[in-house]
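**Q**
Residue numbers (the working numbering), protein chains in the order written: chain A, 1 to 347; chain B, 1 to 347; chain C, 1 to 347; chain D, 1 to 347.
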């Protein structure tokens with residue numbers, strides 16, 4: 001690589017017509033599709049969570065999908081040199097819908113306002129229903145259309161990835177429907193372009209993958225399904241060597257964020273906020289009690305999902321409160337520049 | 001007061017030196033301190049949650065306060081004509097710190113990252129510590145100072161009331177430390193000036209009170225104590241007759257909001273979001289399933305508190321998504337105008 | 001009764017035809033109906049939780065009852081000399097159905113396998129249905145009859161009180177539907193005759209009451225309603241002076257038990273088991289860690305209720321494991337003897 | 001083995017000195033160690049949860065064990081003919097300690113009365129401590145000895161397996177520390193000899209394994225560690241073809257039982273009790289509402305564990321209430337006879 005050539009670039013094609021049995025629907029348990037050097041660009045795409053099988057309001061999840069092949073991920077990718085105890089950094093430089101539509105549904109016995117397989121009740125399931133959203137990339141609008149009335153609502157396009165993760169610890173293999181300390185299906189709208197996601201490495205090569213693009217979603221993902229959409233995505237990949245990250249962290253130009261995933265929801269909150277306290281200790285040298293106090297008066301706390309096998313809460317601290325403080329040795333700023341340069345080159 | 005002078009105004013003085021045994025520290029169970037007509041202005045003040053007893057970093061809650069007299073409320077006020085089945089509307093026109101300091105603490109066996117009396121564990125309590133914040137009302141800044149290092153942080157002044165409620169149903173009397181369907185200690189930063197709070201009336205006269213001013217707080221109120229401050233507060237009071245409000249709702253110029261209070265935290269989420277779904281049904285005529293879908297893609301969901309006997313989650317929908325829609329027969333807009341007029345008169 | 005005949009006896013009549021508005025349906029907030037000396041016998045009765053209003057399978061809760069007058073209690077009784085910091089001991093010497101029937105129901109949006117007002121969902125409520133049980137006191141059998149098939153099942157009569165409590169702390173008044181540290185609606189089948197219930201005193205006179213007789217119930221009270229029955233009940237009342245009891249405890253000839261009430265259910269578990277650990281420390285002089293270990297290998301942990309506003313878990317330790325150890329200065333044995341003597345006299 | 005000798009018998013040796021990296025510490029993700037025909041006897045043994053590495057009170061988990069190799073399982077075994085949609089039946093004919101000692105510990109940030117990695121708090125961990133129990137197989141006694149005082153307690157020997165499971169669905173691989181719908185680390189004392197465990201088959205061959213023998217444990221396994229002991233175990237294995245079992249069930253001569261594993265604990269309760277309701281429907285032909293009622297008055301509900309990544313609750317119904325009713329086509333009785341015959345032959 002020459003100084004003028006920029007970082008290495010991996011272009012990885014995803015075949016929308018692939019046999020579903022060949023989809024990667026787990027974290028862990030799959031062979032890498034490619035390998036990458038740290039400080040590389042990955043230019044790829046993702047299928048939507050239904051692998052493109054729902055296209056009209058008449059398509060039902062329960063009829064069109066085998067539950068083993070839901071929420072396919074692009075990857076896993078092997079990062080050269082990644083070892084347990086390191087942190088993987090994934091900067092999302094671009095997340096853009098591939099198609100001019102997105103889809104949402106209700107799924108029987110799934111969703112925050114429904115009995116489920118574990119919040120087991122004796123009610124009949126809620127109706128299964130599908131909504132199709134027109135996506136207008138030029139005007140950056142997503143069009144909601146009610147199925148049972150004339151209601152139409154224009155919503156801002158706000159693309160993001162619901163699922164980003166690495167292979168879990170302890171030899172576990174987890175469904176891509178589950179979030180946890182390996183990342184996974186966190187379903188937070190904070191995972192939009194401009195964000196850097198930090199994930200602790202559990203196995204050699206990290207084996208990261210991502211998918212579950214959403215043209216937008218509400219916080220909490222109330223019914224369990226966002227505006228699901230295939231995405232074109234550019235990620236800048238890096239390693240922070242010998243820095244452990246016990247739970248996923250995010251960084252943007254304006255915020256440091258921690259994500260906790262657990263049940264009940266207060267445990268997701270506890271994880272996210274204790275991680276934020278410990279991060280403030282690292283960043284400022286404050287004592288734990290002083291950091292606890294500062295977090296108590298400054299945290300912003302959007303709920304990410306209350307529908308997956310673990311729920312996710314994000315805790316955010318505005319960087320403006322701690323001017324001059326830099327996290328992860330400036331990784332976010334560096335990756336953002338690499339991403340911008342690449343996108344500029346491609347434009 | 002003359003007909004041309006605007007709405008009736010009640011000025012209610014609160015004596016900071018009052019005998020603690022005469023403080024109102026419950027919702028229900030107390031005689032009204034005054035009565036008000038609907039469409040009145042209430043111009044009053046509130047003590048801080050410690051009744052002013054903590055003033056230096058050496059003052060500890062466990063030494064300075066009798067737990068029966070914590071979180072005193074201003075009120076209760078009797079609203080003429082309020083009957084069970086009506087909704088009380090309280091528009092906060094002004095919430096302004098009375099003093100140039102605020103105070104926060106940790107309290108043994110209290111807070112989201114601590115064992116408590118009900119999340120009972122065998123650990124020793126975390127250290128009890130007090131922080132004093134200088135409040136600069138002119139520059140709108142609150143000054144955080146670490147106790148155990150040199151860290152200093154400037155935070156925006158953002159005054160609000162942690163506790164607003166009416167007398168509960170079923171003849172219950174609840175501590176002002178508890179939130180529930182009667183409102184109470186919801187501890188959401190959304191209860192700032194400019195917000196209208198709607199509460200279902202359970203007893204004749206509604207018997208509302210409020211207090212627990214915060215110069216600011218993080219979402220979730222992680223350690224359980226915000227920047228506690230005495231407040232000067234102007235409220236515009238009204239009734240929405242024969243409209244029931246099962247759980248508290250808030251309205252600002254930009255948002256409709258619902259607040260759910262329960263444990264575990266997912267039940268607070270479920271209450272807030274099911275209430276938001278039902279509110280969208282009322283506002284738009286959409287079906288429940290279509291409203292569920294719209295809420296799923298639009299809700300903003302800040303956690304309010306994860307420390308009180310019930311936890312509180314707020315669900316918000318931006319009004320811009322439903323242009324031309326008006327809630328509660330325009331009560332918020334009307335009260336905001338009355339409040340602005342009164343403040344203009346006083347300026 | 002003469003001075004030589006044993007303890008003072010209070011016979012308290014309950015009028016089944018009383019105006020519902022005069023029923024006591026709270027803990028706290030009601031004037032005492034009578035006062036008692038410590039070491040007294042109270043010979044009284046209780047209405048069933050529906051105040052006798054459901055008598056056939058066609059009677060529905062939602063049609064026949066005002067929710068303000070559900071679960072009426074007998075009392076409150078003022079115990080002379082009871083002060084905050086003491087423990088009230090209530091030994092149930094006899095609990096016997098007054099009538100030859102009991103009743104159970106489903107209640108819309110109530111029960112562990114149903115959406116509720118706080119586990120708020122979008123499902124339609126489960127069907128409301130009433131079951132009438134014949135109670136055969138001679139053969140000690142309760143007769144279950146299915147409503148929708150020919151299934152008939154004979155179950156053992158096992159009478160108990162679902163609700164036993166004192167006035168709460170902090171001036172609170174709580175619905176008799178709620179359990180907490182004051183006792184209340186714990187709904188544990190362990191509250192049968194032969195058991196002594198210990199409750200911490202919060203207000204002068206303790207102001208105890210009880211009710212909610214069940215001819216039997218399953219652990220957890222799955223649908224939320226047991227075989228509800230009016231009871232004739234004999235209680236021996238005593239005080240353990242200057243012994244605080246933070247959460248309810250029970251004692252029988254064979255077990256020491258602690259009851260925790262909270263949400264989520266694991267917090268009820270944590271309360272009950274941490275209380276049992278601390279009780280073992282008091283009884284044996286063991287360290288907290290050694291007691292934790294002993295409880296871990298010996299506790300029996302029946303769920304009491306998963307339906308009320310707080311859930312209740314009971315932790316039990318068999319007395320046989322700690323031979324020669326006596327709790328509460330032998331109160332249980334003493335009250336059991338007083339109760340037996342009284343019942344012998346009455347026979 | 002001869003044709004007249006009864007069912008096929010597999011004797012499977014477990015090497016206590018095996019390299020830890022060769023231990024099976026997951027459900028799923030491991031190659032079968034042997035295959036079995038339905039209606040076979042498996043005569044084998046299990047290592048204790050610490051693979052024998054803790055032998056004195058000075059041995060600490062954090063010093064002696066690699067967390068990847070905790071809770072090793074014997075297996076997995078491939079059952080010929082087992083297909084997804086079938087039910088595997090495992091009858092425990094004999095569970096007997098191999099050694100004359102058992103071991104328990106506290107583990108930092110683990111246990112129901114401790115902050116943990118997910119119930120994340122700011123407390124220091126509780127002390128790490130180890131207890132050694134002498135096991136007297138002849139007198140059937142387990143000897144508790146306090147570490148910090150002279151307290152000694154004799155407890156009944158009551159051997160059981162904490163962990164029994166099959167390979168999970170969706171290609172997942174789960175740590176043997178986790179319980180779920182595949183069984184796993186349910187930690188219920190009901191899994192003693194005499195019990196038949198029914199598990200739904202998710203993959204060809206079922207791939208069952210078991211381990212985590214306990215010389216005894218309290219319900220809830222409060223500190224997270226029972227009296228851990230290596231076991232000699234005889235299991236009778238069978239298939240119930242084309243009967244799906246969504247969550248683990250158990251059967252003894254006296255009880256039908258269902259086990260639910262989830263967080264929060266009320267969801268484990270909901271799973272277990274809804275499964276019991278549906279089982280009563282299958283067994284009696286009653287309607288769901290009538291079965292719900294019967295379960296409400298008869299269920300016994302011991303908590304199994306409140307310490308693992310999912311908590312487990314067991315719901316039990318006494319068979320005596322439904323005389324003449326047979327579950328799973330009499331599998332339990334049949335396997336019990338096969339087991340007794342084999343043990344008789346071996347005696």
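Virtual Cβ for every residue (Gly too), placed ideally from N, Cα, C.
#1: Residue 290/D CB to nearest chain C CB: under 8 Å?
#2: Using 8 Å as the threshold, is the C-beta distance between residue 105/A and residue 126/A below it?
#3: Quick one: does residue 281/B have its CB under 8 Å from some CB of chain D?
#4: For a quick check, are the C-beta atoms of residue 77/B and residue 113/B less than 8 Å apart?
#5: What does residue 170/C touch in chain B if you count any residue whose Cβ is under 7 Å from its own?
#6: Out of 273/A, 284/A, 124/A and 91/A, point me to the one whose CA is closest to residue 149/B's CA.
#7: Look at the alpha carbon of residue 311/C and the alpha carbon of residue 218/C, and state the distance between them as a whole number of angstroms.
#8: Since residue 270/C meets chain D, which of its residues come closer than 7 Å, beta carbon to beta carbon?
#9: Does DSSP classify residue 40/B as helix, strand or coil?
#10: Give me whichever residues DSSP pairs with residue 303/A in a beta bridge.
#11: For residue 225/D, count the other beta carbons within 10 Å of its own beta carbon; 16 or more makes it buried, fewer makes it exposed. Which is it?
#12: What's the C-alpha gap between residue 29/B and residue 63/C?
#13: From which residue to which residue does the beta strand (DSSP E) around residue 9/B run?
#14: Using a threshold of 8 Å, state whether the C-beta atoms of residue 209/B and residue 74/B are closer than that.
#15: From residue 286/D to residue 160/C, what distance separates their C-alpha atoms?
#16: Anything in the stretch 300 to 330 of chain C with a Cβ closer than 8 Å to a Cβ of chain B? List those residues in chain order, please.
#17: Can you find the residues in the same chain that come closer than 8 Å, C-beta to C-beta, to residue 1/D, ignoring five residues on each side of it along the sequence?
#18: Note down, in chain order, each residue of its chain lying with its Cβ closer than 6 Å to the Cβ of residue 169/C, except the 5 sequence neighbours on either side.
#19: Any beta carbon of chain A sitting closer than 8 Å to that of residue 14/B?
#20: Take residue 336/C as the anchor and find which of 307/C, 195/C and 309/C has the nearest alpha-carbon.
#21: On the three-state DSSP scale, how would you describe residue 170/B?
#22: Could you tell me the distance, in whole angstroms, from the CA atom of residue 120/D to the CA atom of residue 271/A?
#23: Classify residue 269/A as helix, strand or coil using the three-state DSSP reduction.
#24: If I measure Cβ to Cβ from residue 172/D and keep anything under 8 Å in the same chain, skipping five residues before and after, which residues do I get?
#25: Label residue 58/D either buried or exposed according to how many other C-beta atoms from any shown protein chain fall within 10 Å of its C-beta, with 16 as the threshold for buried.
#26: Going by C-alpha distance, which of 316/D, 278/D, 329/D and 206/D is nearest residue 182/D?
#27: When you compare only the Cα positions, how much space is there between residue 145/B and residue 131/B?
#28: CB residue 229/C to CB residue 211/C, shorter than 8 Å?
#29: Give me, in chain order, the residues of the same chain whose beta-carbon lies closer than 6 Å to that of residue 193/A; leave out the 5 immediate sequence neighbours on both sides.
#30: Residue 258/C bridges to which residues according to DSSP?
#31: Name the residue from 81/D, 157/D, 32/D and 102/D whose alpha carbon lies nearest to the alpha carbon of residue 49/D.
#32: Name, in chain order, the residues that DSSP records as bridge partners for residue 208/C.
#33: Just list the beta strand (DSSP E) runs in the stretch 16 to 69 of chain C, keeping only unbroken ones of 3 residues or longer that don't cross its boundaries, in chain order.
#34: Would DSSP call residue 289/C helix, strand or coil?
#35: Anything in chain A within Cβ reach of residue 151/B, meaning under 8 Å, just list it in chain order.
**A** So, from the data block:
#1: Residue 290/D sits at position 290 when you count from the first residue of the fourth chain. Yes, its Cβ sits closer than 8 Å to a Cβ of chain C.
#2: The sequence position of residue 105/A within the first chain is 105, counting from 1. The sequence position of residue 126/A within the first chain is 126, counting from 1. Their beta carbons are not under 8 Å apart, which means residue 105/A does not touch residue 126/A by this criterion.
#3: As a working mapping, residue 281/B is identified with position 281 in the second chain. Taking Cβ atoms only, chain D never reaches closer than 8 Å to residue 281/B, which makes this a no.
#4: Reading the second chain from its first residue, position 77 is the one you call residue 77/B. Reading the second chain from its first residue, position 113 is the one you call residue 113/B. Not in contact: residue 77/B and residue 113/B (Cβ atoms no closer than 8 Å).
#5: Looking up residue 170/C in the third chain gives position 170. Residues of chain B passing the Cβ test: 68 and 175.
#6: Start at 1 with the first residue of the second chain, and residue 149/B comes out as number 149. Comparing Cα-Cα distances from residue 149/B to each of 273/A, 284/A, 124/A and 91/A, the minimum goes to 284/A.
#7: Taking the third chain and counting its residues from 1, one reaches residue 311/C at position 311. Taking the third chain and counting its residues from 1, one reaches residue 218/C at position 218. Going by the C-alpha atoms only, they are around 14 Å apart.
#8: Residue mapping note: residue 270/C aligns to position 270 of the third chain, counting from 1. Going along chain D in sequence order, the residues near residue 270/C (Cβ under 7 Å) are 112 and 113.
#9: Within the second chain, numbered from 1, the residue matching residue 40/B stands at position 40. Strand at residue 40/B.
#10: Taking the first chain and counting its residues from 1, the one referred to as residue 303/A is at position 303. DSSP lists 313/A as partners of residue 303/A.
#11: By 1-based counting over the fourth chain, the position of residue 225/D is 225. Classification of residue 225/D: buried, given that the 10 Å Cβ count is 16 or more.
#12: The residue you call residue 29/B lines up with position 29 of the second chain. The residue you call residue 63/C lines up with position 63 of the third chain. Answer to the nearest angstrom: the Cα atoms are 30 Å apart.
#13: Counting from one through the second chain, the residue named residue 9/B turns up at place 9. Run containing residue 9/B: 9 to 12, per the beta strand (DSSP E) assignment.
#14: Position 209 of the second chain, counted from the first residue, corresponds to residue 209/B. Position 74 of the second chain, counted from the first residue, corresponds to residue 74/B. For residue 209/B and residue 74/B, yes; Cβs fall inside 8 Å.
#15: For the purposes of this step, residue 286/D is identified with residue 286 of the fourth chain, where counting begins at 1. For the purposes of this step, residue 160/C is identified with residue 160 of the third chain, where counting begins at 1. Computed Cα separation, rounded: 28 Å.
#16: none
#17: Here residue 1/D refers to the residue found at position 1 of the fourth chain. In this predicted model, residue 1/D has a pLDDT of only 39, less than 50, meaning its place in the structure is not dependable; the value taken from the coordinates is given anyway. Taken in chain order, the residues that qualify are 8 and 9.
#18: Residue numbering aside, residue 169/C sits at position 169 when the third chain is read from its first letter. Excluding positions up to five away in sequence, the list reads 202.
#19: Within the second chain, residue 14/B is the residue found at index 14, counting from 1. With 8 Å as the cut-off, residue 14/B does not count as an interface residue toward chain A.
#20: Working through the third chain from its first residue, we reach residue 336/C at position 336. The shortest Cα separation from residue 336/C among 307/C, 195/C and 309/C belongs to 195/C.
#21: Position 170 of the second chain holds residue 170/B. Coil at residue 170/B, not helix or strand.
#22: Walking along the fourth chain from the start, residue 120/D turns up at place 120. Walking along the first chain from the start, residue 271/A turns up at place 271. Cα to Cα, residue 120/D sits roughly 5 Å from residue 271/A.
#23: Position 269 of the first chain, counted from the first residue, corresponds to residue 269/A. Helix at residue 269/A.
#24: Here residue 172/D refers to the residue found at position 172 of the fourth chain. Only 28 meet the Cβ criterion.
#25: Numbered from 1 along the fourth chain, position 58 holds the residue referred to as residue 58/D. Exposed, because fewer than 16 other Cβ atoms sit within 10 Å of the Cβ of residue 58/D.
#26: Along the fourth chain, read from residue 1 onward, the residue named residue 182/D stands at position 182. Taking only the C-alpha atoms, the option nearest residue 182/D is 206/D.
#27: The count along the second chain starts at 1 and reaches residue 145/B at position 145. The count along the second chain starts at 1 and reaches residue 131/B at position 131. One C-alpha to the other measures close to 7 Å.
#28: Position 229 of the third chain holds residue 229/C. Position 211 of the third chain holds residue 211/C. The answer is no: Cβ separation not under 8 Å.
#29: Taking the first chain and counting its residues from 1, the one referred to as residue 193/A is at position 193. If we look at residue 193/A and ignore the five residues flanking it on each side, its Cβ neighbours are 92, 94 and 95.
#30: For the purposes of this step, residue 258/C is taken as the residue at position 258 of the third chain. Answer by DSSP bridge pairing, in chain order: 249/C and 315/C.
#31: One-based indexing of the fourth chain puts residue 49/D at position 49. Comparing Cα positions, the closest option is 102/D.
#32: Locating residue 208/C in the third chain gives position 208, where the first residue counts as 1. In DSSP, residue 208/C forms a bridge with 77/C.
#33: 34 to 36 and 40 to 46
#34: As a position in the third chain, residue 289/C is number 289, starting the count at 1. The answer is helix: DSSP assigns residue 289/C an H, G or I state.
#35: Here residue 151/B corresponds to residue number 151 of the second chain, with the count starting at 1. Neighbours of residue 151/B on chain A, chain order: 284, 285, 286, 290 and 294.
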